[in-house]
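Inspection log for the structure reproduced underneath, given as C-alpha coordinates.
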Amino acid sequence: MNRAKVMLVEDDLDWSNGLQAYFSNETGFMITSCVDNMEACMAELNQTPVDVVLMDIILGDAKATGLDAALDITYKYPAVKVIIVSSLEDDDEVFNEAFLNGAYDFVYKNEFEQIPAVIANAMSEQVTKYGPRLKKLVYDKKKKLLNPYDVVLLKLIREGKTQQEIADMNSVSLSAVKKRVGRILEKFHWSRPTKELADKCHKWGLLE
74 MNRAKVMLVE DDLDWSNGLQ AYFSNETGFM ITSCVDNMEA CMAELNQTPV
124 DVVLMDIILG DAKATGLDAA LDITYKYPAV KVIIVSSLED DDEVFNEAFL
174 NGAYDFVYKN EFEQIPAVIA NAMSEQVTKY GPRLKKLVYD KKKKLLNPYD
224 VVLLKLIREG KTQQEIADMN SVSLSAVKKR VGRILEKFHW SRPTKELADK
274 CHKWGLLE
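Residues in the sequence shown are numbered consecutively from 74, following my numbering.
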(Lines of atoms letter the chains of each structure in order from A; the text may use other names.)
(Lines give C-alpha, C1' and ligand atoms only; values in the text may rest on other atoms or scores of the structure.)
Protein backbone atom coordinates (compact mmCIF):
# COMPACT_ATOMS: atom_id res chain seq x y z
CA MET A 74 0.00 0.00 0.00
CA ASN A 75 1.35 3.44 -0.95
CA ARG A 76 2.01 5.89 1.83
CA ALA A 77 -0.38 8.83 1.90
CA LYS A 78 1.18 12.14 0.89
CA VAL A 79 0.52 14.79 3.53
CA MET A 80 0.94 18.56 3.55
CA LEU A 81 1.34 20.30 6.91
CA VAL A 82 0.05 23.88 7.19
CA GLU A 83 1.39 25.33 10.43
CA ASP A 84 2.95 28.70 11.29
CA ASP A 85 4.55 27.57 14.56
CA LEU A 86 7.98 26.39 13.42
CA ASP A 87 8.72 24.43 16.61
CA TRP A 88 5.42 22.57 16.36
CA SER A 89 5.92 21.95 12.63
CA ASN A 90 9.41 20.56 13.17
CA GLY A 91 8.19 18.50 16.11
CA LEU A 92 5.40 16.84 14.12
CA GLN A 93 7.71 16.10 11.23
CA ALA A 94 10.23 14.46 13.53
CA TYR A 95 7.60 12.54 15.50
CA PHE A 96 5.98 11.10 12.36
CA SER A 97 9.16 10.60 10.34
CA ASN A 98 8.99 6.80 10.65
CA GLU A 99 5.27 6.39 9.98
CA THR A 100 4.56 3.65 7.46
CA GLY A 101 1.07 4.87 6.53
CA PHE A 102 1.94 8.40 5.45
CA MET A 103 4.74 10.86 4.86
CA ILE A 104 4.78 14.63 5.27
CA THR A 105 5.92 15.80 1.85
CA SER A 106 5.61 19.56 2.30
CA CYS A 107 5.20 22.17 5.01
CA VAL A 108 3.91 25.72 4.58
CA ASP A 109 2.79 28.40 7.02
CA ASN A 110 -0.08 30.27 5.31
CA MET A 111 -3.07 29.83 3.03
CA GLU A 112 -1.50 31.43 -0.04
CA ALA A 113 1.51 29.14 0.11
CA CYS A 114 -0.76 26.16 0.73
CA MET A 115 -2.85 26.78 -2.40
CA ALA A 116 0.25 27.47 -4.49
CA GLU A 117 1.84 24.22 -3.34
CA LEU A 118 -1.33 22.24 -4.06
CA ASN A 119 -1.33 23.63 -7.60
CA GLN A 120 2.17 22.22 -8.08
CA THR A 121 2.26 19.07 -5.98
CA PRO A 122 -0.90 17.04 -5.31
CA VAL A 123 -1.31 15.46 -1.87
CA ASP A 124 -3.84 13.13 -0.28
CA VAL A 125 -4.22 14.88 3.07
CA VAL A 126 -3.70 18.36 4.47
CA LEU A 127 -3.08 18.77 8.20
CA MET A 128 -4.38 22.29 8.80
CA ASP A 129 -3.85 24.58 11.77
CA ILE A 130 -6.60 27.18 12.32
CA ILE A 131 -4.59 30.16 13.53
CA LEU A 132 -1.96 30.85 10.88
CA GLY A 133 -0.82 34.33 11.84
CA ASP A 134 -2.28 35.54 8.55
CA ALA A 135 -4.48 38.62 8.81
CA LYS A 136 -6.21 37.75 5.53
CA ALA A 137 -7.12 34.10 6.07
CA THR A 138 -7.41 31.39 8.71
CA GLY A 139 -7.11 27.65 8.47
CA LEU A 140 -10.89 27.48 8.22
CA ASP A 141 -10.80 29.72 5.14
CA ALA A 142 -8.09 27.51 3.66
CA ALA A 143 -10.07 24.34 4.39
CA LEU A 144 -13.06 25.68 2.48
CA ASP A 145 -10.97 26.68 -0.53
CA ILE A 146 -9.14 23.35 -0.59
CA THR A 147 -12.24 21.19 -0.37
CA TYR A 148 -14.00 23.38 -2.95
CA LYS A 149 -11.14 23.29 -5.48
CA TYR A 150 -9.68 19.86 -4.62
CA PRO A 151 -12.59 17.72 -3.34
CA ALA A 152 -10.48 14.56 -3.29
CA VAL A 153 -8.07 16.04 -0.73
CA LYS A 154 -8.91 15.26 2.88
CA VAL A 155 -8.42 18.21 5.24
CA ILE A 156 -7.81 17.36 8.89
CA ILE A 157 -7.94 20.31 11.27
CA VAL A 158 -5.24 20.19 13.96
CA SER A 159 -5.85 22.91 16.49
CA SER A 160 -5.22 24.02 20.06
CA LEU A 161 -8.60 25.80 20.19
CA GLU A 162 -10.76 23.85 22.62
CA ASP A 163 -14.33 24.37 23.83
CA ASP A 164 -15.16 26.51 20.78
CA ASP A 165 -18.24 24.98 19.21
CA GLU A 166 -18.49 27.65 16.52
CA VAL A 167 -14.99 26.91 15.23
CA PHE A 168 -15.53 23.16 15.51
CA ASN A 169 -18.82 23.30 13.60
CA GLU A 170 -17.55 25.62 10.88
CA ALA A 171 -14.58 23.32 10.30
CA PHE A 172 -16.96 20.60 9.16
CA LEU A 173 -19.15 23.02 7.20
CA ASN A 174 -15.98 24.05 5.37
CA GLY A 175 -15.39 20.46 4.34
CA ALA A 176 -12.94 19.22 6.97
CA TYR A 177 -12.76 15.44 7.17
CA ASP A 178 -11.98 15.44 10.89
CA PHE A 179 -10.77 17.59 13.78
CA VAL A 180 -7.84 16.68 16.07
CA TYR A 181 -6.77 18.71 19.10
CA LYS A 182 -3.05 19.35 19.32
CA ASN A 183 -2.81 17.76 22.75
CA GLU A 184 -4.13 14.56 21.13
CA PHE A 185 -1.85 14.65 18.09
CA GLU A 186 -1.01 10.94 18.53
CA GLN A 187 -4.41 10.26 16.95
CA ILE A 188 -3.31 11.72 13.62
CA PRO A 189 -2.05 8.44 12.03
CA ALA A 190 -5.34 6.69 12.77
CA VAL A 191 -7.36 9.62 11.40
CA ILE A 192 -5.27 9.69 8.22
CA ALA A 193 -5.74 5.93 7.82
CA ASN A 194 -9.51 6.37 8.15
CA ALA A 195 -9.46 9.19 5.62
CA MET A 196 -7.53 7.13 3.10
CA SER A 197 -9.96 4.23 3.50
CA GLU A 198 -12.90 6.63 2.98
CA GLN A 199 -14.32 5.80 6.40
CA VAL A 200 -17.12 8.15 7.40
CA THR A 201 -16.38 10.10 10.57
CA LYS A 202 -18.71 9.91 13.54
CA TYR A 203 -19.74 13.58 13.64
CA GLY A 204 -18.58 15.17 10.38
CA PRO A 205 -21.53 14.62 8.01
CA ARG A 206 -24.15 15.30 10.69
CA LEU A 207 -22.47 18.49 11.88
CA LYS A 208 -22.01 19.71 8.32
CA LYS A 209 -25.70 19.25 7.57
CA LEU A 210 -26.73 20.82 10.88
CA VAL A 211 -24.64 23.96 10.33
CA TYR A 212 -25.56 24.13 6.64
CA ASP A 213 -29.28 24.01 7.44
CA LYS A 214 -28.85 26.66 10.13
CA LYS A 215 -27.08 29.06 7.75
CA LYS A 216 -29.47 28.28 4.89
CA LYS A 217 -32.38 29.47 7.03
CA LEU A 218 -30.69 32.85 7.40
CA LEU A 219 -31.20 33.61 3.71
CA ASN A 220 -34.46 34.40 1.97
CA PRO A 221 -34.75 34.23 -1.86
CA TYR A 222 -33.97 37.94 -2.26
CA ASP A 223 -30.84 37.58 -0.11
CA VAL A 224 -29.67 34.75 -2.38
CA VAL A 225 -30.14 36.86 -5.52
CA LEU A 226 -28.39 39.81 -3.88
CA LEU A 227 -25.37 37.74 -2.82
CA LYS A 228 -25.13 36.20 -6.29
CA LEU A 229 -24.99 39.66 -7.84
CA ILE A 230 -22.38 40.82 -5.32
CA ARG A 231 -20.29 37.73 -6.04
CA GLU A 232 -20.49 38.55 -9.77
CA GLY A 233 -18.93 41.92 -9.00
CA LYS A 234 -22.00 44.13 -9.23
CA THR A 235 -21.90 47.29 -7.13
CA GLN A 236 -24.73 48.20 -4.79
CA GLN A 237 -25.70 51.06 -7.11
CA GLU A 238 -25.85 48.70 -10.07
CA ILE A 239 -27.99 46.29 -8.07
CA ALA A 240 -30.32 49.12 -7.09
CA ASP A 241 -30.68 50.21 -10.72
CA MET A 242 -31.28 46.63 -11.91
CA ASN A 243 -34.08 46.16 -9.40
CA SER A 244 -35.56 49.67 -9.61
CA VAL A 245 -35.04 50.30 -5.90
CA SER A 246 -33.10 52.93 -4.00
CA LEU A 247 -29.45 52.55 -3.08
CA SER A 248 -30.37 52.92 0.59
CA ALA A 249 -32.74 49.95 0.28
CA VAL A 250 -29.92 47.78 -1.07
CA LYS A 251 -27.57 48.99 1.66
CA LYS A 252 -30.11 48.10 4.34
CA ARG A 253 -30.61 44.63 2.87
CA VAL A 254 -26.85 44.04 2.74
CA GLY A 255 -26.53 45.28 6.31
CA ARG A 256 -29.17 42.83 7.50
CA ILE A 257 -27.38 39.94 5.80
CA LEU A 258 -24.09 40.91 7.44
CA GLU A 259 -25.79 41.10 10.83
CA LYS A 260 -27.38 37.67 10.42
CA PHE A 261 -23.99 36.12 9.70
CA HIS A 262 -22.18 38.27 12.29
CA TRP A 263 -19.89 39.24 9.42
CA SER A 264 -17.37 42.10 9.64
CA ARG A 265 -15.25 41.37 6.59
CA PRO A 266 -16.01 42.53 3.00
CA THR A 267 -19.44 41.51 1.69
CA LYS A 268 -17.83 39.96 -1.41
CA GLU A 269 -16.01 37.49 0.85
CA LEU A 270 -19.29 36.45 2.47
CA ALA A 271 -20.87 36.01 -0.97
CA ASP A 272 -17.96 33.80 -2.03
CA LYS A 273 -18.25 31.71 1.13
CA CYS A 274 -22.00 31.29 0.73
CA HIS A 275 -21.39 30.09 -2.82
CA LYS A 276 -18.79 27.56 -1.71
CA TRP A 277 -21.04 26.40 1.14
CA GLY A 278 -23.74 25.75 -1.45
CA LEU A 279 -26.16 28.29 0.03
CA LEU A 280 -26.73 30.14 -3.24
CA GLU A 281 -27.90 27.16 -5.26
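The beta-carbon is built from N, C-alpha and C at its ideal position, and this holds for glycine as well. Treat the numbers as computed from the prediction; the structure is a model and nothing was measured.
Under the rule that 16 or more other beta-carbon atoms within 10 Å means buried, what is residue i, buried or exposed?
i    : result
D213 : exposed
M111 : buried
K263 : This sequence places Trp at residue 263; Lys is not what is there. Classification for W263: exposed.
V191 : buried
A271 : buried
V245 : exposed
For residue i, which three-state DSSP category applies?
i    : result
D84  : coil
D164 : coil
L279 : coil
L132 : coil
D178 : strand
I244 : Contrary to the premise, residue 244 reads as Ser rather than Ile in this sequence. Coil, per DSSP.
S97  : coil
A77  : strand
T147 : helix
Sort the options by Cα distance to residue i and report the nearest one.
i    : options                   : result
M182 : I131, T138, A143 and Y148 : The identity of residue 182 in the sequence shown is Lys, whereas the question assumes Met. Ranking I131, T138, A143 and Y148 by Cα distance to K182 puts I131 first.
S159 : V180, L173, C107 and S246 : V180
G139 : F172, P221 and A249       : F172
K268 : V245, T235 and S244       : T235
A116 : A142, Y95 and M242        : A142
K215 : R76, N169, V254 and V225  : N169
N194 : R231, V211 and K154       : K154
V126 : D109, G133, K136 and E162 : D109
D165 : K202, Q187, L86 and V211  : V211
C107 : Q120, K273, S89 and G175  : S89
K136 : A113, Q93 and V123        : A113
N174 : V250, P205, G133 and R253 : P205
D124 : Y95, G91, N75 and K251    : N75
R253 : G278, M80 and V224        : V224
P221 : P189, I257 and G233       : I257
S197 : P122, F96, D84 and A152   : A152
E184 : S97, G133, D84 and L161   : L161
Are the beta-carbon atoms belonging to residue i and residue j less than 8 Å from one another?
i    : j    : result
L229 : A240 : no
D129 : V200 : no
K78  : T105 : yes
L227 : L144 : no
I146 : D178 : no
L118 : Y150 : yes
L218 : K251 : no
G133 : D87  : no
Quiz item: Quick one: complete alpha helix (DSSP H) runs, 4+ long, within the segment 186-239?
Solution: 188-196, 204-216 and 221-231, all fully within the segment 186-239.
Quiz item: Where in the segment 249-277 do unbroken runs of the beta strand (DSSP E), each at least 3 residues long, occur, reported from the N-terminal end onward?
Solution: Taking only runs of at least 3 residues, no beta strand (DSSP E) segment lies wholly in the segment 249-277.
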